[in-house]
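As structure tokens, the structure follows; a few thoughts come after it.
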Amino acid sequence: MRPILKASDEECWGSKIYEEEPDPEFTSNVMKAIEHIEMDPKRPFGDLKRKAALKQVFRRIVMTGAAVVILMGGAYMVWQTSPDRTSMIGEQLNQGSDPLSTSSDWLWNEEYERAQQFGLLQTQNVKVEDDGFSLEILAVLKDRSHIVIVTKQFGPDGRSLKYSVRDPFLITDTQGRQVAIPGRYLRNTDPGIQDYVYVFDGTVPDHIVIHGKAEEVAVDPEQQPEERVLVNWPLELTLDMTKAKSLSVSKPLESTYSPQDGLNMDMKQLLVTPNGVRLDMSVSLAPQMLEQVPPNWHDGLEVLYDVKIEEGNGYKTIGSYVKKVETQQMNTSSGTLEWSNEFDSAVIPPDSRHMRVVVNGLVMRFTNEGAIQFNPKELDKRPAVMNDAGDTLTFTKSSLLKDPSTGEQVMAVYAKGRFVNQPLLDEWVAVDHNGREYKVHIGGAYTQGEPITSENLEFAIQGLTNIPPSITLKRVVIGKKRNFQWAFDLPAFSNLPW
Numbered sequence: 001m002r003p004i005l006k007a008s009d010e011e012c013w014g015s016k017i018y019e020e021e022p023d024p025e026f027t028s029n030v031m032k033a034i035e036h037i038e039m040d041p042k043r044p045f046g047d048l049k050r051k052a053a054l055k056q057v058f059r060r061i062v063m064t065g066a067a068v069v070i071l072m073g074g075a076y077m078v079w080q081t082s083p084d085r086t087s088m089i090g091e092q093l094n095q096g097s098d099p100l101s102t103s104s105d106w107l108w109n110e111e112y113e114r115a116q117q118f119g120l121l122q123t124q125n126v127k128v129e130d131d132g133f134s135l136e137i138l139a140v141l142k143d144r145s146h147i148v149i150v151t152k153q154f155g156p157d158g159r160s161l162k163y164s165v166r167d168p169f170l171i172t173d174t175q176g177r178q179v180a181i182p183g184r185y186l187r188n189t190d191p192g193i194q195d196y197v198y199v200f201d202g203t204v205p206d207h208i209v210i211h212g213k214a215e216e217v218a219v220d221p222e223q224q225p226e227e228r229v230l231v232n233w234p235l236e237l238t239l240d241m242t243k244a245k246s247l248s249v250s251k252p253l254e255s256t257y258s259p260q261d262g263l264n265m266d267m268k269q270l271l272v273t274p275n276g277v278r279l280d281m282s283v284s285l286a287p288q289m290l291e292q293v294p295p296n297w298h299d300g301l302e303v304l305y306d307v308k309i310e311e312g313n314g315y316k317t318i319g320s321y322v323k324k325v326e327t328q329q330m331n332t333s334s335g336t337l338e339w340s341n342e343f344d345s346a347v348i349p350p351d352s353r354h355m356r357v358v359v360n361g362l363v364m365r366f367t368n369e370g371a372i373q374f375n376p377k378e379l380d381k382r383p384a385v386m387n388d389a390g391d392t393l394t395f396t397k398s399s400l401l402k403d404p405s406t407g408e409q410v411m412a413v414y415a416k417g418r419f420v421n422q423p424l425l426d427e428w429v430a431v432d433h434n435g436r437e438y439k440v441h442i443g444g445a446y447t448q449g450e451p452i453t454s455e456n457l458e459f460a461i462q463g464l465t466n467i468p469p470s471i472t473l474k475r476v477v478i479g480k481k482r483n484f485q486w487a488f489d490l491p492a493f494s495n496l497p498w
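For the sequence shown, the tail end lands on 498 under the UniProt record's numbering, and the numbers increase by one without skipping.
Written out as structure tokens, the structure reads:
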């Protein structure tokens with residue numbers, strides 16, 4: 001057994017962030033957005049009913065709306081180990097077999113059926129094992145925009161891992177150059193199956209290679225402090241992408257938005273495949289705007305827009321929150337955030353005519369100077385109220401918690417709040433009465449809608465092991481919405497190659 005590692009402080013505290021639930025207004029808006037969506041009645045594989053398919057789309061939309069909470073968890077590390085005690089148990093291509101037996105709620109059911117229909121399904125019998133921890137690749141769904149790798153993962157006891165390993169693959173061309181990046185999406189809804197999406201971020205080669213890489217596995221996710229073991233799952237699986245490339249069409253886009261405040265947005269490409277419609281975009285900031293934002297301004301940035309599709313004598317509107325797969329990556333050399341949104345073909349049909357994108361604004365991080373000082377021991381008798389940038393927070397009590405990474409006590413302050421800004425992007429620090437600064441991790445549940453509210457926010461001050469007579473909380477980064485209007489038409493394709 002390789003050395004057992006403790007999870008990082010950042011990751012442990014990140015896991016304490018609660019997952020938010022959509023309120024009835026949000027659910028109503030989602031249902032309104034998809035009420036006219038029809039599923040393809042000519043589906044040649046499977047017997048999914050329209051009701052089940054609509055339920056699947058709805059679940060995808062609702063949970064995507066809450067995905068930002070999940071994504072705010074702490075960073076993780078990739079550990080390099082030697083493959084000395086790792087075994088490759090087998091690799092065999094089994095075209096035509098169907099290794100998957102999933103529920104109708106599986107996120108990729110419809111895409112799986114399309115892959116079968118168009119010959120874009122590659123089924124596998126690949127298994128790698130290290131120290132009793134094993135990973136099996138069941139199938140790969142191929143597409144010009146992305147691939148979906150469907151796996152099962154087991155521990156030494158033969159049971160499925162409670163928490164799947166994150167990002168265990170590297171996708172390259174045959175020369176070893178990376179050609180795809182992990183996509184953000186709703187995690188699988190079928191117990192026992194772990195799926196991974198990798199989105200192509202440039203020219204797709206005729207052949208790609210899936211590489212396994214060393215990762216860390218949680219031995220017991222419920223144990224505190226959490227401990228992990230290093231595993232090495234080396235594998236190389238080559239895929240032919242020529243057919244997937246032939247079943248796609250794309251057109252460059254030249255729409256640009258550059259207001260005087262220093263924000264620059266560029267639409268790069270429209271890509272259409274049997275699985276959906278993808279928009280590629282970029283965001284960059286001029287020097288005058290860079291002075292107003294933190295170095296990580298791109299983290300959590302969200303462009304708010306609708307796609308309007310001609311339908312009968314009017315239009316139906318699809319909100320950007322309905323996207324199925326998203327990628328964001330920062331080009332450090334150019335200072336540009338490059339990102340893509342992909343909508344499933346059940347939501348935006350690939351043969352749609354007269355599509356128009358209406359951008360309403362964006363949400364991103366800005367530097368901030370809001371602060372409040374109080375005696376944490378007296379909060380239960382004298383709550384401290386902070387008014388900052390239109391938001392109101394009321395700090396009501398303090399206590400000592402157990403740090404999940406060290407087992408030691410840390411101080412926490414509790415509050416309720418009402419926000420016109422976006423608190424999920426906020427960053428806070430704490431300063432004690434001696435002038436020492438500490439990181440602050442925030443946990444809590446927020447309502448959807450405007451204003452955003454929370455009745456139970458927890459400010460855990462990492463490294464502060466006692467309750468001092470005075471504490472200052474500083475909100476150094478704030479998530480703000482910038483409203484603007486920008487609209488442009490998308491090109492239509494007269495002939496699709498499928």
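Heads up, the beta-carbon is just placed ideally off N, CA and C, and yes, glycines get one too.
Same chain, Cβ closer than 6 Å to Met-386, neighbours up to 5 away in sequence not counted: Residue numbering aside, residue 386 sits at position 386 when the sequence shown is read from its first letter. Once the five neighbours on either side are set aside, the close Cβ partners of Met-386 are Ile-372 and Leu-393.
Three-way DSSP call (helix, strand, coil) for Val-165 in this model: Looking up residue 165 in the sequence shown gives position 165. The answer is coil: DSSP assigns Val-165 none of H, G, I, E or B.
Beta-carbon proximity list for Arg-418, same chain, < 6 Å, skipping 5 on both sides: The count along the sequence shown starts at 1 and reaches residue 418 at position 418. Taken in chain order, the residues that qualify are Thr-392, Pro-451 and Thr-453.
Cβ pair Gly-300, Arg-365 closer than 8 Å: Reading the sequence shown from its first residue, position 300 is the one you call residue 300. Reading the sequence shown from its first residue, position 365 is the one you call residue 365. Closer than 8 Å, so yes.
Start-to-end residues for the beta strand (DSSP E) that takes in Thr-367: Here residue 367 refers to the residue found at position 367 when the sequence shown is read from its first residue. Run containing Thr-367: 355 to 374, per the beta strand (DSSP E) assignment.
Enclosing beta strand (DSSP E) for Arg-418 [first to last residue]: Here the question's residue 418 lines up with position 418 in the sequence shown. It spans 409 to 419 - the beta strand (DSSP E) in which Arg-418 sits, taken as one unbroken run.
Alpha carbon of Ser-160 to alpha carbon of Gln-178, nearest angstrom: Here residue 160 refers to the residue found at position 160 of the sequence shown. Here residue 178 refers to the residue found at position 178 of the sequence shown. Those two C-alpha atoms are separated by around 30 Å.
Contacts around Thr-273, its chain only, beta-carbon distance under 6 Å, and the 5 residues preceding and following it disregarded: Here residue 273 is taken as the residue at index 273 of the sequence shown, counted from 1. Contacts found: Asp-143, Arg-144, Ser-145 and Ser-248.
Endpoints, the alpha helix (DSSP H) within which Arg-114 is located: Within the sequence shown, the letter at position 114 stands for residue 114. Note, Arg-114: alpha helix (DSSP H), 109 to 118.
Same chain, Cβ closer than 6 Å to Lys-397, neighbours up to 5 away in sequence not counted: Against the sequence shown, residue 397 aligns to sequence position 397. The residues are Leu-379, Asp-380 and Tyr-414.
8 Å contact criterion, which Asn-313 and Arg-114 should meet: CB distance rounded: Within the sequence shown, the letter at position 313 stands for residue 313. Within the sequence shown, the letter at position 114 stands for residue 114. The pair is not a contact, with the Cβ atoms about 31 Å apart (cut-off 8 Å).
Inside the stretch 239 to 289 only - beta strand (DSSP E) runs reaching at least 3 residues: 249 to 252, 263 to 273 and 276 to 285, all fully within the stretch 239 to 289.
Status (buried if at least 16 other CB within 10 Å, exposed otherwise) for Lys-127: Within the sequence shown, the letter at position 127 stands for residue 127. With 16 or more Cβ atoms within 10 Å of its Cβ, Lys-127 is classed as buried.
Pairwise C-alpha distance: Leu-120 and Lys-268: Numbered from its first residue, the sequence shown carries residue 268 at position 268. Numbered from its first residue, the sequence shown carries residue 120 at position 120. Their Cα atoms are separated by approximately 26 Å.
Proximity winner among Lys-416, Ile-181 and Ser-333, relative to Glu-326 (alpha-carbon distances): Here residue 326 is taken as the residue at index 326 of the sequence shown, counted from 1. The residue with the shortest Cα to Cα distance from Glu-326 is Ile-181.
beta-carbon Leu-247 near the ligand PLP non-hydrogen atom, thresh 7 Å: Among the ligands in the structure shown, none appear at all, so the ligand PLP cannot be discussed.
Three-state secondary structure assigned by DSSP to Glu-291: Here residue 291 refers to the residue found at position 291 when the sequence shown is read from its first residue. It is coil, neither helix nor strand.
Cβ neighbour criterion (16 or more within 10 Å) applied to Thr-64: Reading the sequence shown from its first residue, position 64 is the one you call residue 64. Only weak support is given to the placement of Thr-64: the predicted model assigns it a pLDDT of 36, under 50, and the value that follows is read from those uncertain coordinates. Result: buried.
Neighbour-count burial assignment, Arg-166, 16 or more Cβ in a 10 Å radius: Against the sequence shown, residue 166 aligns to sequence position 166. Classification of Arg-166: exposed, given that the 10 Å Cβ count is below 16.
Ranges of the beta strand (DSSP E) found wholly within the stretch 129 to 158, counting only runs of at least 3: 133 to 141 and 146 to 154
Cβ-based burial, Asn-109 [other Cβ within 10 Å; buried from 16]: As a working note, residue 109 is residue 109 in the sequence shown. So Asn-109 counts as buried.
Pair within 8 Å by beta-carbon distance, Pro-168 and Glu-215: The count along the sequence shown starts at 1 and reaches residue 168 at position 168. The count along the sequence shown starts at 1 and reaches residue 215 at position 215. Yes, they are a contact pair.
Simplified DSSP state of Lys-381, which is helix, strand or coil: Along the sequence shown, read from residue 1 onward, the residue named residue 381 stands at position 381. Of the three classes helix, strand and coil, the one that applies to Lys-381 here is coil, per DSSP.
Tyr-321 in three-state terms, based on DSSP: On the sequence shown, position 321 is the one that residue 321 refers to. Here Tyr-321 sits in helix by DSSP.
Assumed close pair Phe-459, Ala-412 - CB separation to whole angstroms, cut-off 8 Å: As a working note, residue 459 is residue 459 in the sequence shown. As a working note, residue 412 is residue 412 in the sequence shown. Indeed they touch by this definition, with Cβ atoms about 6 Å apart.
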